[in-house]
Every structure is written in C-alpha cells, then in structure tokens.
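**Student:** Taken in sequence, the protein lines are chains A and B.
Everything in the first sequence is counted per the working numbering, starting at 1 for the first residue and increasing by one.
Everything in the second sequence is counted per the working numbering, starting at 421 for the first residue and increasing by one.
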Amino acid sequence: MRRVVITGTGMVSPLGCGTEISWSRLLAGENSARVVTEFEVEDLPAKIACRIPVGDGSDGTFNVDQWMEPKEQRKVDPFIIYGVAAADMALEDAGWHPKTDEDQIATGVLIGSGIGGLEGIVEAGYTLRDKGPRRISPFFIPGRLINLVSGQVSIRHKLRGPNHAVVTACSTGAHAIGDAARMIAFGDAEVMVAGGAESPICRISLAGFAACKALSTQHNDDPQKASRPYDRDRDGFVMGEGAGIVVLEELEHAKARGAKIYAEVVGYGMSGDAFHITAPSEDGDGAFRCMTAALKRAGLSASDLDYINAHGTSTMADTIELGAVERLVGNAASKISMSSTKSAIGHLLGAAGAVEAIFSALAIRDNIAPPTLNLDNPDVETAIDLVPYKARKREINVALSNSFGFGGTNASLVLRRYEA
Amino acid sequence: MSDIAERVKKIVIDHLGVDADKVVEGASFIDDLGADSLDTVELVMAFEEEFGVEIPDDAADSILTVGDAVKFIEKAQA
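Spelled out as structure tokens, the structure:
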C-alpha cells in the first residue's frame, strides 16, 4: 500500500488564525471561551462560545479581507471562508502550488462540514417569507452547500483531482482526512487537501444544540470554566468555530520534492454505534471498535500508543470514551497520555476532527501532549494520564485522534512519526 | 448623470467590487466588469429592490450594460 504523509497544515481556530499560534497558545494553557456578544443571547440557555479572534490580522487575529474579497464574502457563509483560509495556509506551508496539468490533476480536495451554512439558510428563510421567492439570491445555494468549501479551494488553486466532501456531524474532519488518505493510497491522487470547516455560532444553532441537551448551560457567568472534559462538574460542550486543513501526500511524491513531513497517516478506523441519534452506547462499543480498526490498519498494537487526542466534549459521553480507551489499552494505560483540546477551543463540530488531527501531528513533532483544562476533579479514576492543565513534555511517536458524531458515526486516525 | 444612473452605478460598484471609473454607460457587466451569469441575476434583483420595479426574465436577459439598466428603469418608472 502507498504510504501517506502530512506535508502541510492550516488552521483558523478560536485560539488564533494559523497553526503555530493556535498550537503555542494551546500549549500555554490559554482558553478561548467567552460570552457571545455578536447577537442576542439573553433568551438562550447557552450564552457562551469559543469564537475566532477577529482583528486586523496581527497577533493571530483573523482578518477576513486577507482571505477573500469583500464582494465574494457576501456570497458565502463563514465556514467557506474559514475553509478557504486554512487551505491557503496549508498549501503555502506544504509549498505545493501545482502549475502543470499533471500536478493539478494529481491534486484533489476533500473538505467537509458538519452543518454547513446554517445562518445563511435562516436569513434566506426570512427573505422568502417576507419578500418572496424573487428575492432569493442566486448565491444562496452555492454559498451554503457543504461541498462548496472543496469547490472553492479547487477553483482557487486549480486542483483538478478528486473533488469530494464529507458530512458526518462531529466526525467529519477525521473522516475527511482518513478518506482522503485512502484516495492517495489507492492512487486516485498524489496530493489531497483535506479537513473540515464550521461556522455554527448563531442563534438557531445554540438553540438547537441546547435543546438536544448537548451544550454547557451552567457556566454562562464563568465561560472559561465551562469546557471541562472528564471533570465531575461538566455539563455539556462549548461551541467553537473554524477550520483545520492538512495537505496529505504520497510519501515518494513528498520525498521527491523535499517536502517537510509532519507525520505519517498510518491508521484509519470507522464504526457505527447503531444505537441512538445523539447518545453513544454506554458500553462504548462503537468507539472501541473504531480505535481497534484504526490500530489494525496501522499494524500497531495498543501498547504502541503514546498520545490520544480524545473526542472528550465535556459531556457525559467523556467517561464512555475513556472506558473504551481503557478496554483498548489494558495494562498499557499508565504509559499513555490522553487529553481533550476541546477544553481550550471548544467543539468545532465538523472541523474538530481535522484541527485535532493537526494537534496530534504537532504533539508528535514536538514530543509534547497538550493539556486538558479545568480538570479539577476527575469523574472517574484512571491510570491514563489526562494531562490536567499543563502540557506534558514526553516522547510521542504514535498518536490516535478520536471523533464521534451524532448518528452514531465514529472515526479514529492513527499518526506516527515519519521514519524512512 | 441622472439620479437613477447614480443609484445604478452604486449598486454595480457594491456588487461587483469594481472601480467607479469603470462603471460607464456602455460598460458590459460580463465583458467589462467581470460579472458571471449569477452576478447578473443578483444585479437585476438589486435593481428591482432599489427601484421597486419588476424586471421580468426576458427583459433581464436584454440588460447587458449599465446603460441598458438605466434605460429600463427610467422607462419603468416613467
């Protein structure tokens, strides 16, 4: 089987615009949660979110005008802009700017989103009701469709290989990277731009996720305490936004052009819970089988794992995932560090798996496990190091990243330090 | 330039993100101002909204330049 490596990363996260600034702030224990001030939240049960810092582009702020012309911004929902920005960064980081027919046709795009342009759909709904169908913009549909992140990135960079998208709720980003890696392994492409993008922070989305009892509602007065995976006082996730994009590349292709290699994508596993639309089964069977499948594909055993980036949303499901991991790793539990970076950036839904896969690759690159913030009183005892509050310097050669989504859809990625 | 022409020009500048000096009477939305077929649909909608007129699809198809738009609206409002 052809080997696949990560040669570029790009990110727009609530900790900043850019992979390195987000990573350094994550390691420093910074927390991005705050009260939402951009729209009315008084009547919403959850009034907080992890928002991208917006500004002039300096100091890690996101300046939308740097990534898309104002006349184009109007036509799309923000998730498309975040995805386009992160893809620009990833391609720049990889140094891959295909100019020939051959290179353009060898490069594909597979970027997903969990929900897509929710806010734009709401606005168009008001327009339809108040002004009638003749006032629906021709850009309404192409500005909301989930696969239009892939479409825009493809057009922008003339990437003429596979053009695909994934929609698997909160597993989207991980599925996108896993599926794209397989496209390279199967020879459909030499390079794939893959990941997830999401812009879910709006009234209808906060109302909807709160109705599902998925959001934290007890920490509106102290937002930075709200996302607290594994802690006994957790009460739901904090919504995040942004995009994570990687450039995946066939190993020989990457070596031939002297590309920098972050890590190798060695394993990818998928499973379905077949249990409930929003809740995982209590025995964690889906998570267990998903991780097992990823390790099998990697040709590794659980004792090879050094770091796990947990799905860990700060909901009751955290301990179900932890139980599945304990079952997976058995006696190796004490040598593993596992953290939930959602404690710092919130839950980026369809972008989460991609951003977290990038963090996992960086954990390997820098031999450091990012922290789990707010872990004051672990809900259950475990021999696994949950990396409370402070990043842990340690050897990390193999990392696993978990993502689980509504509908009982699970994905695990296994990354390994690249060795020739 | 008439009031209608000024308002049309402003809409074109806003929607197509072009420099004001390019938006002259004879400028074609597609050939000179970089619009695509979806942009022209949106422009017609914006004219309808701004001037409170209805521009049927067959009439919209014949509005190809800034001047065409001004003429149609002047006639519709006359």
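From the three backbone atoms N, C-alpha and C, an ideal C-beta is built for every residue, glycine too.
Roughly how many angstroms separate the alpha carbons of A/Val4 and A/Ala363, rounded to a whole number?
**Tutor:** One C-alpha to the other measures close to 18 Å.
**Student:** Which residue wins for smallest C-alpha separation from A/Leu322, given the options A/Ser334, A/Lys342, A/Met338?
**Tutor:** Comparing Cα positions, the closest option is A/Met338.
**Student:** For chain A, find out if any of its Cβ atoms is closer than 9 Å to the Cβ of B/Asp439; answer yes or no.
**Tutor:** Not closer than 9 Å to any Cβ of chain A, the Cβ of B/Asp439 fails to qualify, so no.
**Student:** Return no unless some Cβ of chain A is closer than 9 Å to the Cβ of B/Met423.
**Tutor:** The sequence given here places Asp at residue 423 of chain B; Met does not occur at that position. No, its Cβ sits nowhere closer than 9 Å to a Cβ of chain A.
**Student:** With distances taken from CA atoms, which of A/Met1, A/Gly8, A/Ile6, A/Ser13 is nearest A/Ile345?
**Tutor:** Considering only alpha carbons, the answer is A/Ser13.
**Student:** Using a Cβ-Cβ distance under 9 Å, would A/Ser154 count as near chain B?
**Tutor:** Cβ-Cβ to chain B under 9 Å: no for A/Ser154.
**Student:** Quick one: using the 10 Å Cβ neighbour count with 16 as the cut-off for buried, is A/Asp318 buried or exposed?
**Tutor:** Buried, by the Cβ-count rule.
**Student:** Could you say which of A/Gly350, A/Ser216, A/Asn309 lies nearest to A/Val35 if we only look at CA atoms?
**Tutor:** Nearest C-alpha to A/Val35: A/Ser216.
**Student:** Between which two residues does the beta strand (DSSP E) containing A/Met89 stretch?
**Tutor:** Segment 78 to 94 is the alpha helix (DSSP H) holding A/Met89; no beta strand (DSSP E) there.
**Student:** Determine the closest residue to A/Arg144 out of A/Leu373, A/Gly117, A/Leu305, with distance taken between C-alpha atoms.
**Tutor:** Taking only the C-alpha atoms, the option nearest A/Arg144 is A/Gly117.
**Student:** Determine the burial state of A/Pro133: buried for a count of at least 16 other Cβ atoms within 10 Å of its Cβ, exposed for fewer.
**Tutor:** Result: exposed.
**Student:** Quick one: list the residues of chain A neighbouring B/Glu462, beta-carbon separation under 9 Å, in chain order.
**Tutor:** Here the neighbours are Lys75, Ser137, Pro138, Phe139.
**Student:** So if DSSP puts A/Lys393 in a beta bridge, which residue, or which two residues, is it bridged to?
**Tutor:** In the DSSP output, where bridge partners are listed per residue, A/Lys393 has A/Ile368.
**Student:** Can you check whether the C-beta of B/Glu470 is within less than 9 Å of a C-beta belonging to chain A?
**Tutor:** Not closer than 9 Å to any Cβ of chain A, the Cβ of B/Glu470 fails to qualify, so no.
**Student:** Between the stretch 381 to 392 of chain A and the stretch 199 to 211 of chain A, can you find at least three pairs of beta-carbon atoms closer than 8 Å?
**Tutor:** No, the stretch 199 to 211 of chain A is not in contact with the stretch 381 to 392 of chain A.
**Student:** Cα separation between B/Ala489 and A/Ile136?
**Tutor:** Computed Cα separation, rounded: 20 Å.
**Student:** Apart from the five residues on each side of it in sequence, which residues of its chain come closer than 6 Å, Cβ to Cβ, to A/Lys158?
**Tutor:** Excluding sequence neighbours, A/Lys158 sits near Gln104.
**Student:** Can a CB atom of chain A be found closer than 9 Å to the CB of B/Leu453?
**Tutor:** Output row for B/Leu453: interface = no.
**Student:** Counting only C-beta atoms, is B/Leu484 closer than 9 Å to chain A at any point?
**Tutor:** With 9 Å as the cut-off, B/Leu484 does not count as an interface residue toward chain A.
**Student:** Is the Cβ-Cβ distance between A/Pro138 and B/Glu468 less than 9 Å?
**Tutor:** No, the Cβ-Cβ distance between A/Pro138 and B/Glu468 is not below 9 Å.
**Student:** Would B/Asp481 count as contacting chain A if we go by Cβ distances under 9 Å?
**Tutor:** Chain A, which has no Cβ nearer than 9 Å to the Cβ of B/Asp481, makes this no.
**Student:** Could you tell me which of B/Leu458, B/Ile475, B/Asp459, B/Ile483 sits nearest to B/Gly446, measuring between CA atoms?
**Tutor:** When each option's Cα is compared against that of B/Gly446, the closest is B/Ile483.
**Student:** Going along chain B, which residues have a C-beta under 9 Å from A/Glu421?
**Tutor:** No answer is possible for residue 421 of chain A: the residues shown for chain A start at 1 and end at 420.
**Student:** Please list, in chain order, the residues of the stretch 66 to 95 of chain A that have any C-beta partner in chain B closer than 9 Å.
**Tutor:** The residues in question are Glu69, Pro70, Lys71, Glu72, Arg74, Lys75.
**Student:** Quick check: what's the CA-CA separation for A/Thr278 versus B/Gly437?
**Tutor:** Distance between the alpha carbons of A/Thr278 and B/Gly437: 44 Å.
**Student:** Mind checking if B/Asp478 is an interface residue toward chain C, Cβ cutoff 9 Å exclusive?
**Tutor:** The structure shown contains no chain C; its protein chains are A and B.
**Student:** Taking B/Glu426 as part of the alpha helix (DSSP H), name the residues at either end of that continuous run.
**Tutor:** Note, B/Glu426: alpha helix (DSSP H), 423 to 436.
**Student:** With distances taken from CA atoms, which of A/Thr341, A/Thr315, A/Asp285 is nearest A/Ile308?
**Tutor:** The candidate whose alpha carbon is nearest that of A/Ile308 is A/Thr341.
**Student:** Where do the N-terminal and C-terminal ends of the beta strand (DSSP E) with A/Ala49 fall, by residue?
**Tutor:** Run containing A/Ala49: 48 to 50, per the beta strand (DSSP E) assignment.
**Student:** With a cut-off of 8 Å on the beta carbons, I'd call B/Ile493 and B/Val473 a contact; round off their distance for me.
**Tutor:** So it is a contact: roughly 6 Å between Cβ atoms.
**Student:** If we count the other Cβ atoms within 10 Å of its Cβ and call it buried at 16 or more, is B/Asp459 buried or exposed?
**Tutor:** B/Asp459 comes out buried.
**Student:** With a CB to CB cut of under 6 Å and the five nearest residues on each side skipped, what residues in its chain are close to B/Ile475?
**Tutor:** Cβ neighbours of B/Ile475 beyond the five flanking positions: Val464, Glu468.
**Student:** How should A/Gly312 be labelled, buried or exposed, when 16 other C-beta atoms within 10 angstroms of its C-beta is the threshold for buried?
**Tutor:** Result: buried.
**Student:** Are the stretch 241 to 258 of chain A and the stretch 92 to 99 of chain A touching by the rule of at least three beta carbon pairs closer than 8 Å?
**Tutor:** Taking 8 Å as the limit for Cβ pairs, the verdict is that the stretch 92 to 99 of chain A does touch the stretch 241 to 258 of chain A.
**Student:** Measure the Cβ-Cβ separation of A/Val167 and A/Gly112 and say whether it is below 9 Å.
**Tutor:** Contact flag set, yes.
**Student:** Hey, quick one: how far does the beta strand (DSSP E) through A/Ala185 stretch, first residue to last?
**Tutor:** First-last for A/Ala185: 172 to 185, but that is the alpha helix (DSSP H), not the beta strand (DSSP E).
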